[in-house]
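Per UniProt numbering, the very first residue in the sequence shown carries number 1; after that it's consecutive. To start, the structure under review is shown below, and the notes come after it.
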Amino acid sequence: MSNGRLVTVRAHIRRLPTRTVITAGAVLTALAIVVLVVSALLPDSTPEPSDVAARSQTTAAPAPVTRAYLAAELRRLREGAGLSAANAGRRAGIDEQRVTRIESGGVRPTARDVSALCEAYELSPEERNRLMFVQYQLDR
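See the structure below:
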């Protein structure tokens, strides 16, 4: 009151919460409660450690398959280079019998074996890296 007159000041001018602001706050609170309730009711989607281990074991190639693959690739590349097992062994500094056993999958080749055979076959760096990676998988 000023000078005997009643002065009305609106709520939004006084920066007090209006009905719209109060309603919006109530709606957001209700929405947050609904989200919390629904998320509590939904099943947990994170896999159990045993599920992850089982899945990774089924996707990883077993060592004999990898060894057989590497053996077949080394034989294919040797034949593609036009070398006999004896010539390949001589060039690589590996015994001919070891070359034959590597190519038949009877023995696991070392990184040195694969590297030396790649040099003997004059393979590209990409091809050499691919075969070295397969051999690395055998060592794991």
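For each residue, glycine too, the CB sits at the ideal point set by N, CA and C.
Reduced DSSP category for residue i - H, G, I as helix; E, B as strand; rest coil
i: R98; result: helix
i: R91; result: helix
i: E127; result: helix
i: R76; result: helix
i: R5; result: strand
i: Y69; result: helix
i: Y136; result: helix
i: V42; result: One detail in the question is off: residue 42 reads as Leu in this sequence, not Val. Correct three-state label for L42: coil.
i: P112; result: In the sequence under discussion, the amino acid at residue 112 is Arg, which differs from the Pro named in the question. It is helical.
i: G82; result: coil
i: E122; result: coil
i: G105; result: coil
Exposure of residue i, with buried meaning 16 or more beta-carbon neighbours within 10 Å
i: I33; result: exposed
i: R112; result: exposed
i: L74; result: buried
i: T23; result: exposed
i: L42; result: exposed
i: A116; result: buried
i: L31; result: exposed
i: T58; result: Because the pLDDT of T58 is 49, which lies under 50, any placement of that residue in the model is unreliable, and the number read from its coordinates should be weighed accordingly. Burial call: exposed.
Whole-Å CB distance - residue i paired with residue j, under 8 Å assumed
i: A120; j: A92; result: 4 Å
i: V134; j: T66; result: 6 Å
i: A81; j: E122; result: 7 Å
i: E96; j: G89; result: 4 Å
i: L70; j: P109; result: 7 Å
i: A68; j: G105; result: 5 Å
i: L138; j: C118; result: About 15 Å separates the two Cβ atoms, so there is no contact after all.
Residue-level contact to chain D via CB, residue i, 7 Å cutoff
i: I33; result: Chain labels in this structure do not include chain D; a single protein chain is all it has.
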